[in-house]
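Let me begin by presenting the structure, written as structure tokens, before commenting on it.
Number of protein chains: 2
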Amino acid sequence: MTTPNTMGPASRAALATNGIAATGIPGLFTSEDQGLDQLKTKLREYTKPSYSGEEVFGQFCHTAEFIGCPVDMAFEYAANVYCLEEFTFSLRNFNYMGGGLYKGIEALAKETVIYMRVDAYPDSRVVDHLCAWDQGEELWMRYHFRFLDAMPTLRRPGTVVLWSNCKHPYYDRSVTDVPSYIAQPRDRTDRLWVGDIWPNFYAIHKIEADNLKKILEYRFANA
Amino acid sequence: MTTPNTMGPASRAALATNGIAATGIPGLFTSEDQGLDQLKTKLREYTKPSYSGEEVFGQFCHTAEFIGCPVDMAFEYAANVYCLEEFTFSLRNFNYMGGGLYKGIEALAKETVIYMRVDAYPDSRVVDHLCAWDQGEELWMRYHFRFLDAMPTLRRPGTVVLWSNCKHPYYDRSVTDVPSYIAQPRDRTDRLWVGDIWPNFYAIHKIEADNLKKILEYRFANA
Numbered sequence: 002m003t004t005p006n007t008m009g010p011a012s013r014a015a016l017a018t019n020g021i022a023a024t025g026i027p028g029l030f031t032s033e034d035q036g037l038d039q040l041k042t043k044l045r046e047y048t049k050p051s052y053s054g055e056e057v058f059g060q061f062c063h064t065a066e067f068i069g070c071p072v073d074m075a076f077e078y079a080a081n082v083y084c085l086e087e088f089t090f091s092l093r094n095f096n097y098m099g100g101g102l103y104k105g106i107e108a109l110a111k112e113t114v115i116y117m118r119v120d121a122y123p124d125s126r127v128v129d130h131l132c133a134w135d136q137g138e139e140l141w142m143r144y145h146f147r148f149l150d151a152m153p154t155l156r157r158p159g160t161v162v163l164w165s166n167c168k169h170p171y172y173d174r175s176v177t178d179v180p181s182y183i184a185q186p187r188d189r190t191d192r193l194w195v196g197d198i199w200p201n202f203y204a205i206h207k208i209e210a211d212n213l214k215k216i217l218e219y220r221f222a223n224a
Numbered sequence: 002m003t004t005p006n007t008m009g010p011a012s013r014a015a016l017a018t019n020g021i022a023a024t025g026i027p028g029l030f031t032s033e034d035q036g037l038d039q040l041k042t043k044l045r046e047y048t049k050p051s052y053s054g055e056e057v058f059g060q061f062c063h064t065a066e067f068i069g070c071p072v073d074m075a076f077e078y079a080a081n082v083y084c085l086e087e088f089t090f091s092l093r094n095f096n097y098m099g100g101g102l103y104k105g106i107e108a109l110a111k112e113t114v115i116y117m118r119v120d121a122y123p124d125s126r127v128v129d130h131l132c133a134w135d136q137g138e139e140l141w142m143r144y145h146f147r148f149l150d151a152m153p154t155l156r157r158p159g160t161v162v163l164w165s166n167c168k169h170p171y172y173d174r175s176v177t178d179v180p181s182y183i184a185q186p187r188d189r190t191d192r193l194w195v196g197d198i199w200p201n202f203y204a205i206h207k208i209e210a211d212n213l214k215k216i217l218e219y220r221f222a223n224a
């Protein structure tokens, strides 16, 4: 199933430099220009005993989990949109609209629908859950999964799932230059807005990654 | 270039449940069983004002960065092994060994070679840099990149790069059940061991992600 572009040799000359050598680019931090003492200073600057929630989860939300089942089982499961009805906290009742698009409900918020598209790439075992509350024209809530074989990665059988998403500006109420199909539903006062829970996204994804792990491990062990 | 498995409809019946309904799996945390109060309690438990370095970077190391260049330019660059000679702090002088494998030097450590394989998946824009110090039989140091189009992701032109790696047990000197091709070079006293700097991996990757960003942005803006 894995057919990446791997075979070499790669060509040093084919690296697109646009005629600009790396040594001519300002601000690079490399061993040619920086000694071990400078590196250690930089490492101390970036390595901290603790990090604020904003530092860790301000712009990006990463979750990772080991799952005790074969990686192709995990990938196939996540690639089927209906898995969302099982492992998410509150996405339910998906129906196919056509063109790869599904419509379901978000039970976490009052009278809220969610549109979803699942892009799955078997070669790299990537699955993208691309979605949006309220409308299906612009799928700006984007959840990116990668399923890794745990054997070369962690020296044990199973799967590592990486799950990342980025803070699109629509999450943020203070961003006002948005289309009306965002502004109007965001202004509803009878429910929360998905962006209001951005600080809790890691928590929600941790809950849901735990669910995903439990479902796959239980079915693999007990079927 | 993007040809995922996307078109529906997916089949609810095709979701592999192995005859076990999700409702029969113990320990799931879902809206059917948990009210908003229980959810809020759980969110408070998982959402903290700060996180220790061990909590954030103990088992996984995630880096993410916006890059102001087209996503296919970033992907193509990272897919060419010779990019490593430019954006990493200290990997240099790669030569092709055959079979997709390259051998270079790790200037950060005394008399240390690194073996590298680059797997690139154009459809999902995934690039894996799979490598190991000292030997090329088992590439256990594995760096996973994903290049995302920033327009649907962050509503701006450019690229988001996600970069993750996992803490393989070979990094950890306290794991003693390892092959001799790990144990012997790990025991060398004339240099550091790559695992000794695991707590600094985020810092190193932040330095290198900054380099990657600067290289691509400078060349895109100035060519």
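Just so you know, the protein sequences line up as chains A and B, in that order. Those letters in the first sequence? Residues 2 to 224, per our numbering, in order. Those letters in the second sequence? Residues 2 to 224, per our numbering, in order. Note that CB positions come from ideal geometry on N, CA and C, so glycine has one too.
Where residue 114 of chain B is concerned, the enclosing beta strand (DSSP E) starts and stops at 114-122.
In the three-state reduction of the DSSP assignment, residue 143 of chain A falls in the strand class, which pools E and B. Those residues of the region 175-190 of chain B placed with their C-beta closer than 8 Å to a C-beta in chain A do not exist.
The C-alpha of residue 205 of chain A lies about 8 Å from the C-alpha of residue 90 of chain A.
Only those residues of the region 62-78 of chain B whose C-beta falls short of 8 Å from the nearest C-beta of chain A are listed: 63, 65, 74, 77, 78. In the displayed model, residue 81 of chain B falls within coil according to three-state DSSP, outside both helix and strand. With contacts defined by Cβ atoms closer than 7 Å, residue 48 of chain B and residue 201 of chain A form a contacting pair. When secondary structure is reduced to three states using DSSP, residue 169 of chain A falls in the coil class, being assigned neither helix nor strand. Of the candidates B:196, B:83, B:22, B:69, the residue whose Cα lies closest to the Cα of residue 94 of chain B is B:83. According to the DSSP assignment, residue 181 of chain B belongs to the alpha helix (DSSP H) that extends over 181-187. Chain-ordered listing is empty here: chain A has no CB closer than 9 Å to the CB of residue 146 of chain B, the nearest sitting near 10 Å. Using a C-beta cut-off of 8 Å, the region 105-125 of chain B makes no contact with the region 157-168 of chain B, since fewer than three inter-stretch Cβ pairs fall below that distance.
Inter-segment contact for the region 25-37 of chain A and the region 33-49 of chain B is absent: fewer than three beta-carbon pairs are separated by less than 8 Å. For residue 169 of chain A, the chain B residues whose C-beta falls within less than 9 Å of its own C-beta are 153, 154, 155, 156, listed in chain order.
Relative to residue 61 of chain B, the option among B:217, B:163, B:224, B:193 whose CA is nearest is B:163. When 7 Å is used as the limit between beta carbons, residue 81 of chain A is near these residues of chain B: 11, 15, 16, in chain order. Beyond the five residues adjoining it in sequence on each side, residue 218 of chain B comes within less than 7 Å, by CB distance, of 68, 69, 70 in the same chain, given in chain order.
Per the C-alpha coordinates, the member of A:6, A:80, A:199, A:195 positioned closest to residue 107 of chain A is A:195. Per the coordinates, the alpha-carbon of residue 220 of chain B lies some 17 Å from the alpha-carbon of residue 80 of chain B. Secondary structure of residue 19 of chain A (DSSP, three-state): coil. For the set A:10, A:173, A:7, A:16, the Cα lying nearest the Cα of residue 88 of chain B is the one of A:16. By the criterion of a C-beta distance shorter than 7 Å, residue 92 of chain B is surrounded in its chain by 85, 86, 105, 107, 115, once the five residues flanking it on both sides are discounted. In the displayed model, residue 92 of chain B falls within a strand according to three-state DSSP. By the Cβ criterion, the region 132-144 of chain A is in contact with the region 115-124 of chain A, since at least three pairs of Cβ atoms, one from each stretch, lie closer than 8 Å.
The alpha carbon of residue 173 of chain B has as its nearest neighbour, out of B:6, B:182, B:197, the alpha carbon of B:197.
Of the candidates B:24, B:149, B:53, the residue whose Cα lies closest to the Cα of residue 141 of chain A is B:149. Contact between residue 10 of chain A and residue 97 of chain B holds: CB atoms are separated by about 4 Å, below the 8 Å threshold. Taking C-alpha positions only, residue 145 of chain A is separated from residue 101 of chain A by approximately 17 Å. Within the same chain, 217, 221 come within 7 Å of residue 74 of chain B by CB-CB distance, once the 5 residues on both sides are set aside. Approximately 5 Å separates the beta-carbon atoms of residue 28 of chain A and residue 215 of chain B; this is inside 8 Å, confirming the contact. With respect to the C-alpha of residue 154 of chain B, the residue from A:59, A:78, A:143, A:192 having the closest C-alpha is A:143. If only uninterrupted alpha helix (DSSP H) runs of at least 4 residues are considered, those enclosed by the region 4-58 of chain B are 37-47, 54-58. Just so you know, the alpha carbons of residue 58 of chain B and residue 54 of chain A end up roughly 14 Å apart. Shown here, residue 111 of chain A sits in coil according to DSSP, grouped into three states, outside any helix or strand. For residue 151 of chain A, the uninterrupted alpha helix (DSSP H) segment begins and ends at 151-155.
Shown here for residue 64 of chain A: same chain residues with a beta carbon closer than 7 Å to its own, the five before and five after excluded, namely 164, 203, 206, 207, 210 in chain order.
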